[in-house]
Each structure stands twice: as C-alpha cells, then as structure tokens.
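S.K.: Numbering (this note's numbering), first residue to last: 2 to 210.
Even for Gly, the Cβ is constructed at its ideal location relative to N, Cα and C.
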Amino acid sequence: MSPPTDPRGGKDSNGIHPSEPGRGMRPLPLPCLGLTPEQMQQILQFQAQLDSANEAAMAGIQEQLDAFRQQEQAAWETYRQATADQRRQLMELYNQFRQQVAEIRQSLRQGTISRDSARAILRQIAQDFMAARKAIIDSTADARAQLKAALDQIAEQRKALMDSIKPQLDANYRQFLSNVASILTPEQQAIWQRWLNGEDPCKGRGRRG
2 MSPPTDPRGG KDSNGIHPSE PGRGMRPLPL PCLGLTPEQM QQILQFQAQL DSANEAAMAG
62 IQEQLDAFRQ QEQAAWETYR QATADQRRQL MELYNQFRQQ VAEIRQSLRQ GTISRDSARA
122 ILRQIAQDFM AARKAIIDST ADARAQLKAA LDQIAEQRKA LMDSIKPQLD ANYRQFLSNV
182 ASILTPEQQA IWQRWLNGED PCKGRGRRG
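1. Counting C-beta neighbours from all protein chains within 10 Å, is the total for ASN173 16 or more, i.e. buried, or is it exposed?
2. Taking DSSP as the reference, what is the three-state secondary structure of GLN190?
3. Within 10 angstroms of its Cβ, does GLN194 collect 16 or more other Cβ (buried), or is it exposed?
4. Could you check what DSSP says for ARG27 in three-state terms: helix, strand or coil?
5. Could you spell out where the alpha helix (DSSP H) holding GLU157 opens and where it closes?
6. Could you check what DSSP says for ILE62 in three-state terms: helix, strand or coil?
7. When you compare each of LEU185, GLN154, LEU197, GLN158 to ARG175 by their alpha carbons, which one comes out closest?
8. What does a CB cutoff of less than 6 Å around THR84 pick up in its chain, not counting 5 residues either side in sequence?
9. Please name the residue in ASN180, ARG27, ASP153 whose C-alpha comes closest to that of ILE44.
10. If you draw a straight line from the C-alpha of ALA146 to the C-alpha of ALA182, how long is it?
11. Hey, could you find the ends of the alpha helix (DSSP H) SER211 is sitting in?
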C-alpha cells in the first residue's frame with residue numbers, strides 16, 4: 002500500500018552555523034575577514050547566545066509540538082488498524098505468488114513443461130497478481146484519504162505554530178549579526194557589508210571553510 006510518508010520523529014570549518022530565517026543556510030564570510038583569535042572567540046560566544054535564544058523560543062512551543070507528534074502517531078495507528086485485513090491479504094498474496102513462481106520454475110528445471118509454456122504461465126501469474134494487488138490497495142482508499150487529511154491538518158497547525166515564533170527567531174538572528182558587526186574593524190566591516198548585501202566576498206579567495 003502507498004500511504005503518506007510515516008513521520009520519524011551544518012557548521013562551517015570555524016564551528017559557526019547561524020542560518021538566516023527564511024533563507025536557509027548561508028555561510029558567514031569568516032574565512033576572508035581575517036579575524037583575530039579574540040574576535041573568533043567573541044563570535045563563538047555570540048553563536049552560543051543565538052542558540053540559547055532560539056532554544057528558549059522553541060521551548061515555548063515544545064508542548065504543542067509534542068501534542069502534534071502524538072496526534073500523528075494516533076492517526077497512523079488508526080490507519081494501521083483500519084487496513085490490518087488488507088495488509089494480511091497482501092502478505093498472503095505475495096506468498097502465493099512466490100510459491101506459484103517457484104513451482105513453475107521447478108517444473109521447467111524438471112523438463113515437465115517447455116520454456117515457452119513456462120513463460121506464458123508466469124506472465125499470466127504476474128498479471129493475476131498485479132490485478133489482485135491493485136484491488137486490495139484500492140480497498141484502502143478511504144483509510145488513506147482519512148490519514149492524509151489528518152496529517153495535512155496537523156502539518157498546517159504545526160506550520161502556523163512555527164510561523165508564530167518566526168519574528169522572534171528573526172530578531173535573534175538580527176541581534177547575532179549586529180553583535181558580530183560590533184567587533185569588526187573598518188576593513189572587516191566593508192567585507193561584512195558586502196555579505197549583508199547578498200554578495201560573496203570570499204569568492205576567489207581560496208578555501209572558504
């Protein structure tokens with residue numbers, strides 16, 4: 002059967018890994034800033050502050066996220082119970098198919114049927130198997146539709162919940178960027194500003210890390 006997917010519940014070389022909310026991972030231009038060890042240590046501290054702030058924001062919705070996971074598990078359990086007979090039928094069908102194929106191949110090895118006859122029989126067995134399999138799977142359509150509807154609803158609710166903390170995550174990230182900028186020299190600031198403008202100031206400067 003083909004139900005919806007069952008839920009299963011990068012740092013750069015410098016260990017810095019903030020991602021701008023809504024834009025995915027975008028490496029900081031650290032390799033071409035020429036940072037001092039002291040500056041690098043400060044940035045690591047800013048990173049820890051960012052992680053802590055984001056964890057605090059997530060902690061505020063963790064109970065609701067856990068509830069969504071429980072709802073997903075309940076939806077899957079309902080689906081498994083509703084399709085238990087069909088799954089048993091499929092297993093029996095697979096076993097029957099394998100046995101029939103094995104018997105035909107044995108007859109072919111023993112020379113009791115010709116190769117052409119074996120090919121024709123195997124083709125018919127395969128066609129019968131596919132038709133029976135489709136009928137069983139089709140009989141789970143309602144259960145699959147109910148599962149999909151339940152999972153879609155949970156996904157929408159989870160997205161709305163994550164969207165509710167996005168402003169805080171955005172603010173945390175902007176604070177991180179501001180903190181980094183505050184310790185840079187004028188020359189480093191120029192490189193940093195190019196990165197903020199969407200450029201890649203490290204391009205063509207060797208290994209980025």
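M.R.: The relevant details are as follows:
1. Walking along the sequence shown from the start, residue 173 turns up at place 172. Taking all protein chains shown into account, ASN173 has 16 or more neighbouring C-beta atoms within 10 Å of its C-beta and is therefore buried.
2. On the sequence shown, position 189 is the one that residue 190 refers to. If DSSP states are grouped into helix, strand and coil, GLN190 belongs with the helices.
3. The sequence position of residue 194 within the sequence shown is 193, counting from 1. Label assigned to GLN194: exposed.
4. Along the sequence shown, one-based indexing puts residue 27 at 26. Per DSSP, reduced to three states, the secondary structure at ARG27 is coil, with no helix or strand assignment.
5. Working through the sequence shown from its first residue, we reach residue 157 at position 156. Here the alpha helix (DSSP H) through GLU157 covers 142 to 182.
6. Numbered from its first residue, the sequence shown carries residue 62 at position 61. In the structure shown, ILE62 sits in coil (DSSP, three-state: anything other than H, G, I, E or B).
7. Position 174 of the sequence shown holds residue 175. If you compare the alpha carbons of LEU185, GLN154, LEU197, GLN158 with that of ARG175, the shortest gap goes to LEU197.
8. Position 83 of the sequence shown, counted from the first residue, corresponds to residue 84. Cβ neighbours of THR84 within its own chain (closer than 6 Å, five residues either side excluded): THR141, ALA144.
9. Counted from its first residue, the sequence shown places residue 44 at position 43. Nearest to ILE44 by alpha-carbon distance, out of ASN180, ARG27, ASP153, is ASN180.
10. Here residue 146 is taken as the residue at index 145 of the sequence shown, counted from 1. Here residue 182 is taken as the residue at index 181 of the sequence shown, counted from 1. Here the C-alpha atom of ALA146 lies approximately 51 Å from the C-alpha atom of ALA182.
11. As displayed, the chain neither begins before 2 nor continues past 210, which places residue 211 out of reach and without an answer.
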